[in-house]
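According to full-length UniProt numbering, the sequence shown is numbered sequentially starting from 1.
One structure below.
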Amino acid sequence: MSAPAAAKRQLIVAITGATGAIYGVRLLETLRRLGGVETHLLVSSAGWLNIQHELDLDKATVHALADVVHSVRDVGASIASGSFATDGMVIAPCSMRTLASIAHGLSDNLITRAADVVLKERRRLVLLVRETPLNLAHLRNMTAVTEMGGVIFPPLPAFYQKPASIDQMVDHTVARVIDLFGLAQPVALPWRGLRSEDSD
């Protein structure tokens, strides 16, 4: 008798109106390539504006990267309930408005409701927050989400890998995010430490 197939993991991916739409899109592309993960996609109206402006992609192209697409207005969707088990949620990029809504538990659309569910069910929430410089409200909201168990993950490039392109920097960030969910990924090599001719 053959062993039962492993259950597919489920991850919510949201794209909001901060710059950096490439992070959410590349995350979807990478998860599709890896396989074994059912993705649930949410895109805010401002997120769509940035996708079109920064990436020249239409809705059909982005929708095709996800397994399930939800409207941000559909607060009755499966992911609005803690009984729908997921591995967690990534908001990439995460606007300061979305961060503030999560920090204050507003649940004013399906993105912030799904994030609230992930936090209350003690699942992993990762926010690729995008803003600079940061004011005190931003910092306090990041602290609040961290205290709730969320992970604040500004998508900062790692230059120790000596990236040769923006794509390589984006891939490295996406790989780090995927690592947080314990998913095997071949995108970025781990840090092996510095080698110095002066070291003993």
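All C-beta atoms in this analysis are idealised placements derived from N, C-alpha and C, irrespective of residue type, glycine included.
- Going by DSSP, Gln168 is part of the alpha helix (DSSP H) stretching over Ile166 to Asp179.
- Beta bridge pairing from DSSP links Thr39 with Leu11.
- Taking each of Ala158, Thr143 and Glu54 in turn and checking the Cα distance to Val151, the smallest one comes out for Thr143.
- Nearest in C-alpha terms to Leu119, of all of Thr146, Ala158 and Ala64, is Thr146.
- Linking Leu106 to Leu136 through their CA atoms gives a straight-line distance of about 20 Å.
- A direct Cα-Cα distance of roughly 21 Å separates Ile22 from Pro133.
- Exposed is the label assigned to Asp167, since fewer than 16 other Cβ atoms lie within 10 Å of its Cβ.
- If only uninterrupted alpha helix (DSSP H) runs of at least 4 residues are considered, those enclosed by the stretch 86-171 are 96-103, 110-120 and 136-148.
- Burial is judged here by how many other beta carbons sit within 10 angstroms of a residue's own beta carbon; Leu125 has at least 16 and is buried.
- Annotated as proximal: Ser101 and Thr112, with beta-carbon spacing under 8 Å.
- CA-CA distance, Gly20 to Met89, rounds to 17 Å.
- Residue environment for Ala60: exposed (fewer than 16 other C-beta atoms within 10 angstroms of its C-beta).
- When secondary structure is reduced to three states using DSSP, Val68 falls in the strand class.
- The DSSP-derived three-state label of Thr19 is coil.
- Its chain contains Val37, Thr39 and Asp87 as the residues whose beta carbon lies nearer than 6 Å to that of Leu11, once the 5 sequence neighbours on both sides are disregarded; these appear in chain order.
- Take the alpha-carbon of Pro154 and the one of Leu180: they are about 14 Å apart.
- Nearest in C-alpha terms to Ile79, of all of Ala14, Gly149, Tyr160 and Pro163, is Ala14.
- Burial state of Ala164 is exposed, judged by a 10 Å Cβ sphere holding fewer than 16 other Cβ atoms.
- Residues of the same chain with a CB within less than 6 Å of the CB of Asp74, apart from the 5 flanking positions on each side, are Leu110 in chain order.
- Residue environment: Leu156 is assigned as exposed (fewer than 16 neighbouring CB atoms within 10 Å of its CB, all protein chains considered).
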